[in-house]
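Numbers 1 to 1241, taken from full-length UniProt numbering, label the letters of the sequence shown in order. Using N, Cα and C, we set each Cβ at its ideal position, and we do this for glycine too. So the structure is just underneath, and the comments pick up after that.
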Amino acid sequence: MEEKDGQRGSIAVSRQFEVFQRIRYVKLNVYQVLGSNPGGKLGLEDLKVYSVSDNLANRTVAVATATSSWANCASCVSEVDGNFRSHASSFAVDDDFETWWGAQYATSLPGQSYMQIDLGALTQIDIAAIRWKYPAFDVSALCSQTDTGNFDMVGAAFKNTAYLTPIVFFGSYQCKRVRILLGIPAESLGGQGIIGIREVEIYSTSSDVTIGKPIESSDSTNGVLATDDSDVTTWMSASKAVTSLTIDTETNFTAWGARLLSPSTSVIANFEIQVSDDGETFETVYKVEGNQVNDLWIIQRFSGRYVRAVFQQTSASTFYVRTFRVFATANYALNAPSLPEKGWEHSGYQAIDGLDNTYWISEPFATTATLRLVLAEQTFVAGGVKLVWMFPAEDFRVYLSNDTVTWNLLYNVTGNLENITLIGGYWEAKYMDIRMDRASQLNGDGIYALFSWNVYFDPNLAHFKPLEVTATISQSQFRPENAIDGDESTIWMPRQGTTSGKITFDLLENMIISGFDVYWRRPPRAYRMEYEEADTGIWKLVHSWNTTALNVGPQQYWTEGFSARRIMLVVEDVQTSEEGLIVALQDVKLYIPVGGNAIDKNIALKRVVEVSANTIVGNVKEYAVDGNERGTYWHPGWGIRQAWLLLNLDFLPPGQLPPGHDLARIQVMWRWAPDDLLIELAYDNSMIPLGHYTGVTSLVTDIPMMRKALKIKFSVDSSRTDEEIGILQVKVWKRVSAYPPAVVKDPDPWMTHKDYMVDRDLQSYWMGPPLDGGNLVTVTIDLGKIYNATDIQIYFGFRPQVLFLYTSTDGVVYNQSLMTSGKTLGLLTLKEQGLAFVLRYVRLKIMRGYIDPDGGQWGSTIRDFAVVQFSNLARGKLAYADNIWSYPPEWTVDSELGLASGDPDQETAWTSRFGAKSAQLTYDLGGLKNVAGMEWMFGYVAQKTQVHYADTNANDTNWRKATEVALNQLQHVVVPTTVHFKARYIRLSLTEPVSEDIWDPDDYGNIETWSSLFSILDFKVYEHTGGGGVMGFQSLDGMQYTTITYGLRQPEEWIISSERDILTKDVVRPSYVTDVGRLVQVVLTTRKVAQDKTTRTFEVAIYKNGMPYGDPYIRTVPLDRMHGPHSTRIVMGVRSSAHEPEVGAADVDGPLDPRADVEQGIPLSPFFEGASWAWFVVVVVVVVVCLLYLLFFVWLSFVVVVVVVVVVVVVESASSHLSRLVRLLFGSSLHLEHALTSIHA
């Protein structure tokens, strides 16, 4: 095994690295676990190994060129306007001052970069000169005498800001290699440090062309002392007047520089160097002004025979020169091999090398730039392009071409300031150009720089491909009007894939709103209600609802009123569910005062009032409710500053507590403003404050709200204002519900489109029609040409019940491909994965669509349809580990005795994946079972659990819903035995976790990573151990019957079964005692209590072992039900002989199966599934009744009792016992029509 990656001390939860080689085995070694992990546990969620899902631009066959690049490779050099723009290290020793080498961009620390020059042999050198493009603040020269030896510093220059820097060595050195070590940048470009060197020159000072040569001084002084071989002797001019020294070198020379040495106290500030070929005409080649250095080394190239130094200004009394030398030695650095450390490598290649810390950068201050990507061949690109900018281009275009002649515009943007550019879509091309026209001014220097240019090959071949679908849900299915239609089955939804949205209700006029109810099909996590004031148009907040749980709940109500012209519901946050971002509003119901301001709807009018004082005859208390709003008023008395009035509303008869009128609005019209007002409501025999208002100056108090009350008390205190107290009128209105009359057109409505299946957004989806319209829908995708694929993945939101998948290469012959589900709810993949196959067309047939259990509004949804060319190679392969953390679902049923028995082992539990918002468990009962009730014990609780059942557990299984537990906070959940079904498989679907503050096992102790979890300690299913008809009467065809049944609806319960439950009613048993294995006597009695021309009414009673079994009850049946001669039979062992056909079967001319329309009629067996020992039917009563009938020949009008005594032991299915019993007692065709008809009469 070859190690490819490693990390130490990491707390990251994911890691990615690239290998790019052929491998078969992947091994992950873990040597140490984080000490913060609870219990020292380690968890691995996924291991992904990808094959070819790479960046196409990063392949070895790809080439990137640029019109404005800095690079060190010939293949990256580009020619623009006849000039090569490249900054390799060789350009620092090419004797071309226009070219330059660049150190690594964004250098910020000293010593990060250097330029190294190999002199080829030991060479005596004394000085190095640096010509800068962008200078370094400090620079040092280092010398090595060997190819591999250490370097020693031989010279340095500090605090440099000049663009020409001589580094004078500490002495003469023999060097083979010279290293120019660079400090921090003295300048910046684009806000980052930059160092650039135009030329490095290395010289020896051993040859001076002026030594021993003729010299003349313009003031006739002896100039020889200035050019002798001594730095001690000194030439001194005659005065401070301009003086020159002229040297005849006696031959033409080419110099690289000069040296002027003066005493430290006599620095020459201004001077010039001039040269001449003839001694007559001189040209100034160097000029210095303001010099402050006494030992000045001059790097300046010039040539001639005569050289003249012209001294112009000094701080001393005269000019002093110890040494004036001119050097003409060779430049040993010229064209010498150079090696940069961390040089400027920012060519086009750096934009496609796959590394995030390298980048292409344009020439400084470039006005335009073009970067071209050349792929090896014409290539299909379906994953788009991602540009990661260092310095973004504000204006740029992206072009495509296959021949560099014809270019097609792919993308055009102006004003871009973003650092990441994503270009979606799909296309085929060999060449791509990024043409930049305007650089961002944000970096200050107007340059372009690109970290990476990523061209992705999308492994999903279906993205953006044309497709056809035979049916789509109506775009107006979830229109805003659905929220005001009063139909709970219709819903409004905002646009797809959003966590926000709004719906505005138009009241058409200013309306008093007492309160409202909001009903959700899928609640959001947060929303708010606002209202618009009619007179100002200002929107004000009513209330906000939000939660940290999954959602705010299915219903909210508001009881504080307001006046509004429009109302707005604003969705602010939506929880991501397995179906996506789904929020659905059923209705908004308003409550308004009955009749508005209508006086006849005022329930306070002329009602009884009580007051604290009533001393003025002309202002009696009754005036406060007499309907006169301007003339009469109640006045407690002059000078009274505290008073109260109690309004008694109409008496309500006793009923469900708490009593009270449903109030919507209270209005008080004042003679004098009350200042301090307390309003209380008598509610359930106690006074409850409605509101305490202080500083009231208005003469009208108007309070819309929703409350219950029998009395209203108004307490006034005007002591502070010393004002009189008086009430002109008290008015009270009841409330009535109403729906908003209109909605404002949604500017961004919900819509769906077939292309949403193949876009890159998982939150968008296609939706099929609901109910039967969602059946037999076909989706066909044309990939455009034949491809090799390894998988097909369909991500459903609302998953259809039955579907089939087919593929084809020609669109004519289709082959079926089997699909399977996995741990991701709604995601189906091929059952056979990893095997390559060819295809062009994909066809999905939805045979039976999604069944919306609540309202039939939603159809099947597809969030993503993927034809995968390259898949995760690690998926489905064998994996080995020496230690695992396992909480399997089997631990929820590890009771010692098995199903529904034994004490649960609550030390073991099934646990979902950490962070799960939903989970499913499927239990196999081993065979078809009659289930009656179940229970389970949560560890981590789910608020919502749906229970489904089925006979099979396959891809096309039609799961039926048995029950749902919602808003649960309990650990122990019990599903009552009234929930019946017959199935082999039971599926629990858990959503809405209660706890979302569970520590992340990978980040224990960090509350920012808290998340959710489900776990179940124990699960029990209770079997309904039999049930069906024991004995009874039926019509000849079996479509009418009255049969004593055992265990039909509830385990071990006796009940009367009848067609359409006409005589059936659940009874409340006096106590629970099992009858299994016991001798039981069951008696059914009927007593006629009424009769008319069409119906008879009976009192039905059941007795067991001589004691009442539940309470008697009344039932009314048609008069002709099992009435008349030759119309009735005895039936045993089954509810009715008509139950013999298959479920739902019917004769062409006959009625349907009588199990229809009977509670639990279909799933529960109609047959008595138990062996019966010693049946005895007491026929004495029957004989007596027959004799009475023969004697009187009239219908009996007295009470007749039919007694059936049955001895039952319920053991196992044995229907043959029943047939033998019938033949034994009555023969093969016993009919008691006449007698039994009389009995029922």
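query: How many Å lie between ASN72 and VAL779 at the Cα?; result: Any reading at ASN72 is ruled out, since the residue's pLDDT is 34, under 50, leaving its predicted position unreliable.
query: Between which residues of its own chain and LYS386 is the CB-CB distance below 6 Å, once the five residues before and five after are set aside?; result: LEU422, ASN454
query: Alpha helix (DSSP H) containing LEU652: first to last residue?; result: First-last for LEU652: undefined, no H or E at that position.
query: Mind reading off the beta-carbon distance from TRP670 to GLU724? Whole number of angstroms is fine, and I expect it under 8 Å.; result: So it is not a contact: roughly 10 Å between Cβ atoms.
query: Below 8 Å on the Cβ atoms is my contact criterion, and I expect ILE195 with LEU182 to pass it. Report the Cβ-Cβ distance as a whole number of Å.; result: 6 Å
query: With 16 other CB atoms within 10 Å as the buried threshold, where does ARG198 fall?; result: buried
query: What's the C-alpha gap between VAL1080 and GLY1110?; result: 16 Å
query: Please identify the residue among VAL758, THR908, VAL1068, ALA1101 whose C-alpha is closest to the C-alpha of PRO459.; result: VAL758
query: Can you list the beta strand (DSSP E) stretches of 3 or more residues lying completely in the segment 1036-1081, in chain order?; result: 1041-1046, 1054-1058
query: Taking all protein chains shown into account, decide if ARG1078 is buried (16 or more other Cβ within 10 angstroms of its Cβ) or exposed.; result: exposed
query: Contact between the segment 307-327 and the segment 261-271: three or more CB pairs below 8 Å?; result: yes
query: Count the other C-beta atoms from every protein chain shown that fall within 10 angstroms of the C-beta of LEU550, then say buried if there are 16 or more, exposed otherwise.; result: buried
query: Quick check: what's the CA-CA separation for THR824 versus MET115?; result: 57 Å
query: In or out: PRO524 buried (at least 16 other Cβ within 10 Å) or exposed?; result: buried
query: Please state if the CB of ILE361 and the CB of residue 1273 are separated by a distance shorter than 9 Å.; result: Nothing about residue 1273 can be read from this structure; the chain reaches only from 1 to 1241.
query: Mapping DSSP to helix, strand and coil, what is PHE319?; result: coil
query: Could you please give the first and the last residue of the uninterrupted beta strand (DSSP E) stretch that includes residue 1300?; result: In the structure as shown, the chain starts at 1 and stops at 1241, and residue 1300 therefore has no counterpart that could be examined.
query: Is the distance from the Cβ of SER514 to the Cβ of TYR633 below 9 Å?; result: no
query: Apart from the five residues on each side of it in sequence, which residues of its chain come closer than 6 Å, Cβ to Cβ, to THR205?; result: ASP126, PHE327
query: Would you say THR778 faces chain C, with C-beta separation under 9 Å as the test?; result: The displayed structure is made up of one protein chain only, and chain C is not part of it.
query: From the DSSP secondary-structure annotation, give me the bridge partner or partners of LEU645.; result: VAL611, PHE714
query: With a 10 Å radius around its C-beta and 16 neighbouring C-beta atoms as the bar for buried, classify THR470 as buried or exposed.; result: exposed
query: In terms of residue numbering, what span does the beta strand (DSSP E) encompassing LEU296 cover?; result: 295-314
query: Pull up the distance between the alpha-carbon of ASN815 and that of SER808, whole angstroms please.; result: 6 Å
query: I believe TRP644 touches SER715 by the beta-carbon criterion, under 8 Å. Please report the beta-carbon distance rounded to the nearest angstrom.; result: 4 Å
query: For HIS1231 and ILE1130, what's the separation of their Cα atoms in angstroms?; result: With a pLDDT of only 31 at HIS1231, under the threshold of 50, the placement of this residue in the model should not be trusted; the figure read from the coordinates follows. The straight-line gap from Cα to Cα measures roughly 8 Å.
query: With a threshold of 16 other CB atoms inside 10 Å of the CB of SER474, please say whether the residue is buried or exposed.; result: exposed
query: Provide the residue span of the alpha helix (DSSP H) that contains ALA919, from first to last.; result: Counting along the chain, ALA919 falls outside any alpha helix (DSSP H), though it belongs to the beta strand (DSSP E) covering 918-940.
query: Count the other CB atoms, across all protein chains shown, that sit within 10 Å of the CB of MET1031; report buried if there are 16 or more and exposed otherwise.; result: buried
query: Alpha carbon to alpha carbon, how far is ILE538 from GLN496? Give it in angstroms, no decimals.; result: 29 Å
query: So, TYR531 versus ILE567, is the Cβ gap smaller than 9 Å?; result: yes
query: Which of helix, strand or coil does DSSP assign to ILE23?; result: coil
query: Do you know whose CA, among VAL275, SER737, PRO704, LEU678, lies nearest GLY717's CA?; result: The question names Gly, but residue 717 is Asp in the sequence shown. It is LEU678.
query: Taking just the CA atoms, how far does TYR519 sit from VAL583?; result: 12 Å
query: MET767 and THR861 look like a contact to me (Cβ under 8 Å); what is the Cβ gap, rounded to whole Å?; result: 5 Å
query: Would you call the segment 274-285 and the segment 303-315 in contact, with 3 or more CB pairs under 8 Å?; result: yes
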